[in-house]
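Residue numbers (this note's numbering): 407 to 752. Yeah, the Cβ is synthetic: ideal placement off N, Cα and C, and Gly gets one too. Below you'll find the structure, written out as structure tokens, and then a few comments.
Below, the structure is given as structure tokens:
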């Protein structure tokens with residue numbers, strides 16, 4: 407059983423997000439101070455009922471989840487890292503095989519897929535009835551028009567929203583949460599707490615830290631201006647990422663300078679004119695539409711009027727990257743960091 411309540415602690419999400427890493431640092435920063443009642447303790451067994459604060463709302467779990475529905479690959483990445491993939495009974499959305507090895511892809515293929523419709527800006531739309539019929543005890547992903555805390559709570563189903571997807575963050579914190587690579591390991595430990603897998607979460611976190619340090623200690627870029635974009639699959643809109651996006655942490659670690667870092671929103675829509683004026687030397691194109699090739703994703707930007715004047719386009723330094731390799735914080739982000747380092751160096 408799952409119970410909900412409004413938090414009086416005014417916290418932003420479940421994870422204690424750290425401050426942004428600098429390229430000269432190891433990639434980890436101490437988490438921002440927060441008065442969270444249920445902080446994960448390394449190696450500790452979870453005591454239930456467990457109450458955690460997620461996007462400013464108290465979520466209470468009476469036991470470790472046994473029937474979990476996941477909404478995107480980043481969730482699978484984190485759950486698999488702590489050895490709890492057997493708790494997943496259904497998946498929503500697309501799970502490109504590029505994200506995982508053969509063993510994990512085989513496991514994902516055996517998980518029933520709930521019928522959903524992909525949107526042009528990522529994410530999936532699904533009917534509430536389809537989800538409720540499965541009788542899960544926890545859904546992990548994000549809010550949608552039908553999948554909301556209130557709707558699911560009527561059926562005793564919990565919703566854990568990934569901290570990067572918290573809606574209206576100003577409602578739960580005076581300051582925006584700035585991610586860091588510590589966000590990845592914090593999330594692992596929180597999942598370890600939820601699923602009573604603290605030891606596995608600690609081991610996975612240590613492995614992630616080692617992989618991150620290997621890249622952060624040897625930046626492949628040297629201050630080049632860069633921008634990360636998400637382009638709607640129908641080409642109707644372009645979004646960028648500020649310092650509130652995990653991809654900004656990746657760019658900083660790689661030695662790039664995000665020209666949109668200081669924008670107040672995490673992923674605001676921008677115009678092609680803004681991109682031309684900013685003239686980035688490197689472009690990272692995040693996408694979810696696997697029906698298009700990386701070359702077709704690239705052309706959604708490079709074929710726009712005036713795009714040929716952008717230095718990154720002119721120099722051929724445009725790098726398409728599957729979305730969850732950069733957003734939100736998960737072990738996939740660590741793999742994405744290594745992929746970007748390899749491409750930039752090549």
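Inset, instruction - Please confirm if the stretch 649-661 is in contact with the stretch 715-724, defined as three or more CB-CB distances below 8 Å between the two stretches. - result: no
Legend entry - Delimiting residues of the alpha helix (DSSP H) encompassing residue 597: Unbroken alpha helix (DSSP H) run through residue 597: 588-600.
Inset, instruction - At 3 residues or longer, and completely inside the stretch 450-494: list those beta strand (DSSP E) runs for me, N to C. - result: 456-460, 463-467, 474-476
Inset, instruction - Reducing DSSP to helix, strand and coil, say where residue 618 ends up. - result: helix
Inset, instruction - Tell me where the beta strand (DSSP E) around residue 658 begins and ends. - result: First-last for residue 658: 652-660, but that is the alpha helix (DSSP H), not the beta strand (DSSP E).
Legend entry - Presumed contact (8 Å Cβ cut-off) between residue 650 and residue 553, rounded CB distance: Rounded, the Cβ-Cβ distance is 23 Å, inconsistent with contact.
Inset, instruction - Mind checking which residues open and close the beta strand (DSSP E) that includes residue 751? - result: Taken as a continuous stretch (DSSP letters only), residue 751 belongs to no beta strand (DSSP E), being part of the alpha helix (DSSP H) at 737-751.
Inset, instruction - Tell me whether the beta-carbon of residue 731 lies closer than 8 Å to the beta-carbon of residue 693. - result: No. Outside cutoff.
Legend entry - residue 450 to residue 700 span [Cα, whole Å]: 43 Å
Inset, instruction - Could you tell me whether the stretch 672-681 touches the stretch 640-650, where touching means 3 or more Cβ pairs closer than 8 Å? - result: yes
Legend entry - DSSP bridge partner residues for residue 496 (one or two, in chain order): 475
Inset, instruction - Would you kindly work out how many angstroms separate the C-alpha atoms of residue 590 and residue 460, rounded to a whole number? - result: Answer to the nearest angstrom: the Cα atoms are 16 Å apart.
Legend entry - residue 480 versus residue 739 - alpha carbon distance: Residue 480 and residue 739 have their C-alpha atoms roughly 8 Å apart.
Inset, instruction - Take residue 470 and list the residues in its own chain whose beta-carbon comes closer than 6 Å to its own, dropping the five residues that flank it on each side. - result: 601, 602
Inset, instruction - Out of 747, 710, 653, point me to the one whose CA is closest to residue 640's CA. - result: Checking every option, the nearest Cα to that of residue 640 belongs to 710.
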